[in-house]
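Protein sequence lines correspond, in order, to chains A and B. So for the first sequence, the numbering used here puts the first residue at 1; every next one is plus one. So for the second sequence, the numbering used here puts the first residue at 197; every next one is plus one. All C-beta atoms, glycine included, are put in the ideal place defined by N, C-alpha and C. Values in this document were obtained by computation on a predicted structure and should not be read as measured data.
2 protein chains.
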Amino acid sequence: MVTATRGRPRSFDRDAALDKAIRLFWRRGYEATSVRDLTEELGIGAPSLYSAFGDKQQLFTEALRVYDERYGGFIDRALADEPTAKGAAARVFAEAPERYTRRDLPTGCLIVSGDAGTASTEIIEHLRRIRDSKVDAFAAKIRADIDAGRLPAGIDPRALGRYTMSALTGLAQAARDGVTRAELDRVAEIALRAWP
Amino acid sequence: MVTATRGRPRSFDRDAALDKAIRLFWRRGYEATSVRDLTEELGIGAPSLYSAFGDKQQLFTEALRVYDERYGGFIDRALADEPTAKGAAARVFAEAPERYTRRDLPTGCLIVSGDAGTASTEIIEHLRRIRDSKVDAFAAKIRADIDAGRLPAGIDPRALGRYTMSALTGLAQAARDGVTRAELDRVAEIALRAWP
DNA sequence: CCAATTTTATAGCGATCGATAGAAAAGGTG
DNA sequence: CACCTTTTCTATCGATCGCTATAAAATTGG
Chain A
1 MVTATRGRPR SFDRDAALDK AIRLFWRRGY EATSVRDLTE ELGIGAPSLY SAFGDKQQLF
61 TEALRVYDER YGGFIDRALA DEPTAKGAAA RVFAEAPERY TRRDLPTGCL IVSGDAGTAS
121 TEIIEHLRRI RDSKVDAFAA KIRADIDAGR LPAGIDPRAL GRYTMSALTG LAQAARDGVT
181 RAELDRVAEI ALRAWP
Chain B
197 MVTATRGRPR SFDRDAALDK AIRLFWRRGY EATSVRDLTE ELGIGAPSLY SAFGDKQQLF
257 TEALRVYDER YGGFIDRALA DEPTAKGAAA RVFAEAPERY TRRDLPTGCL IVSGDAGTAS
317 TEIIEHLRRI RDSKVDAFAA KIRADIDAGR LPAGIDPRAL GRYTMSALTG LAQAARDGVT
377 RAELDRVAEI ALRAWP
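What follows is the structure, given as structure tokens:
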């Protein structure tokens with residue numbers, strides 16, 4: 001879309017700047033990332049940032065949305081592609097260690113730790129809702145497998161879904177603590193063994 | 197120790213004030229807890245706080261130490277009391293849900309989330325070291341069980357220890373997200389099944 | 001009572017926070 | 001060219017951050 005508009009043209013690539021903001025929020029979290037940090041990293045002045053992205057909270061919200069599809073989407077893809085819940089869990093645990101320790105990208109997961117140390121209840125609630133939605137998605141796929149007889153009837157879909165996302169949270173946190181990809185691979189392999 | 201000292205006596209109970217500080221740091225983390233929050237919660241002025249506890253970082257360090265023995269010590273106790281590593285893991289997973297959702301106490305764990313959103317590398321390193329030490333402790337007990345033939349020789353002590361603490365981290369984070377004690381109980385039960 | 005000592009309350013320090021006012025700059029449109 | 005619109009840069013704003021100087025209050029020792 002190259003709609004010719006009047007006025008002075010923007011001097012920076014909005015999407016490239018957003019990606020830099022994503023990585024900064026990813027690395028430090030919402031609260032520890034100051035507007036000054038952002039303007040320096042993005043190479044633009046504060047008024048340009050506010051004009052292009054609204055305020056800090058709006059920028060974070062947009063960064064979250066793009067992060068979820070650009071960097072964090074492997075969970076949703078596993079749930080969509082794999083035919084069974086356990087297959088999705090196996091794939092997620094197989095991919096997570098690499099996802100959480102990528103070179104030239106921050107460690108861990110923005111959705112897991114982005115709201116850490118934040119006073120804003122809005123930010124916390126927003127991230128909690130995203131996290132809960134992943135538990136719901138896993139629980140739904142587990143329930144479908146139980147109904148189809150692919151999983152024993154005795155298990156609790158919500159608890160198993162919560163366990164899976166909870167174990168991923170632990171992996172992401174361990175990655176932030178500097179645990180290597182190789183060790184995370186072994187931890188993830190153990191985590192999968194809890195599945196029936 | 198009631199050594200009669202000269203000068204105006206302290207008007208507050210230092211240990212009671214420290215406990216209030218622990219709970220405040222526990223609830224909000226190091227960075228999101230301001231000195232003003234502390235002085236209001238503890239009911240003392242800023243100079244009294246600095247005189248009694250040093251600066252904010254020293255107060256946090258002392259709060260961490262006391263928290264670890266007063267509220268977080270159930271992991272060390274399980275490792276010390278239970279004869280086997282798996283017994284310690286079973287007990288830790290059995291106790292954690294209640295520990296992370298106590299009434300009249302903040303949810304989750306200070307050592308897991310206290311450094312969240314903090315810029316200070318000192319604080320982050322300090323907490324990472326405490327977390328790593330628990331992994332070491334678990335790994336050592338696992339290794340002892342392997343040597344004694346109580347666990348199969350094929351397993352990786354460090355990975356299994358890391359998994360256990362990582363799963364606990366996930367439970368603590370879930371508790372912070374408002375997951376109920378009952379659901380955490382079921383999640384913890386699943387987490388234990390990963391153990392050989 | 002009068003010093004000496006320690007803690008208290010009051011007030012404010014410089015730095016940084018998120019956010020913005022105002023004017024200059026850079027483009028299209030006539 | 002002049003005019004309109006939008007973005008840019010510069011320079012802040014009030015609020016809050018961690019922290020402290022100063023002096024009054026409260027105790028012990030003489």
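- With contacts defined as CB atoms closer than 8 Å, LYS216 of chain B and LEU275 of chain B fail to qualify as a contacting pair.
- With a threshold of 16 other beta carbon atoms within 10 Å, GLU31 of chain A meets it and is buried.
- Nearest Cα to ALA213 of chain B within the set B:ARG223, B:TRP222, B:THR235, B:GLY203: B:THR235.
- In the three-state reduction of the DSSP assignment, LEU105 of chain A falls in the coil class, being assigned neither a helical nor a strand state.
- The Cβ atoms of ALA94 of chain A and ALA363 of chain B do not sit closer than 8 Å to each other.
- For ARG261 of chain B, none of the residues of chain A pass the 8 Å Cβ criterion, the least Cβ distance being about 20 Å.
- If you draw a 10 Å sphere on the C-beta of PRO302 of chain B, you find 16 or more other C-beta atoms in it, and that means buried.
- Taking ASP136 of chain A as reference, the option from A:ASP156, A:THR101, A:PRO83 with the minimal CA-CA separation is A:ASP156.
- Close partners of GLY29 of chain A in chain B (Cβ separation under 8 Å): ALA312, GLY313.
- Using a Cβ-Cβ cut-off of 7 Å, ALA355 of chain B is close to GLU183, ARG186, VAL187, ILE190 of chain A, given in chain order.
- Classified as buried, ARG99 of chain A has 16 or more neighbouring CB atoms from the shown chains inside 10 Å of its CB.
- Using a CB distance cut-off of 8 Å, SER166 of chain A counts as an interface residue toward chain B.
- Here GLY250 of chain B is exposed. Its C-beta has fewer than 16 other C-beta atoms within 10 Å.
- Burial is judged here by how many other beta carbons sit within 10 angstroms of a residue's own beta carbon; GLY357 of chain B has at least 16 and is buried.
- Contact with chain B is absent for ALA144 of chain A, since none of that chain's Cβ atoms lies less than 8 Å from the residue's Cβ.
- By the beta-carbon neighbour count (other beta carbons within 10 angstroms, threshold 16), ASP115 of chain A is buried.
- Counting C-beta atoms within 10 angstroms of its own C-beta, GLY7 of chain A has fewer than 16 neighbours from the protein chains shown and is therefore classed as exposed.
- Shown here for VAL231 of chain B: same chain residues with a beta carbon closer than 8 Å to its own, the five before and five after excluded, namely ALA242, LEU245, LYS252 in chain order.
- If you look at GLY357 of chain B, you'll find it in the alpha helix (DSSP H) that goes 353-372.
- The C-beta of PRO152 of chain A has fewer than 16 other C-beta atoms within 10 Å across all chains shown, which makes the residue exposed.
- Closer than 8 Å to the CB of ARG162 of chain A there is at least one CB belonging to chain B.
- Residue environment analysis places GLY269 of chain B among the exposed positions, since fewer than 16 neighbouring C-beta atoms fall within 10 angstroms of its C-beta.
- At least 8 Å separates the CB of ALA281 of chain B from every CB of chain A.
- Under the three-state reduction of DSSP, TRP195 of chain A is assigned to coil, being neither helix nor strand.
- If only complete runs of 4 or more residues are kept, the region 50-123 of chain A shows the alpha helix (DSSP H) at 56-70, 74-81, 85-99, 110-113, in order along the chain.
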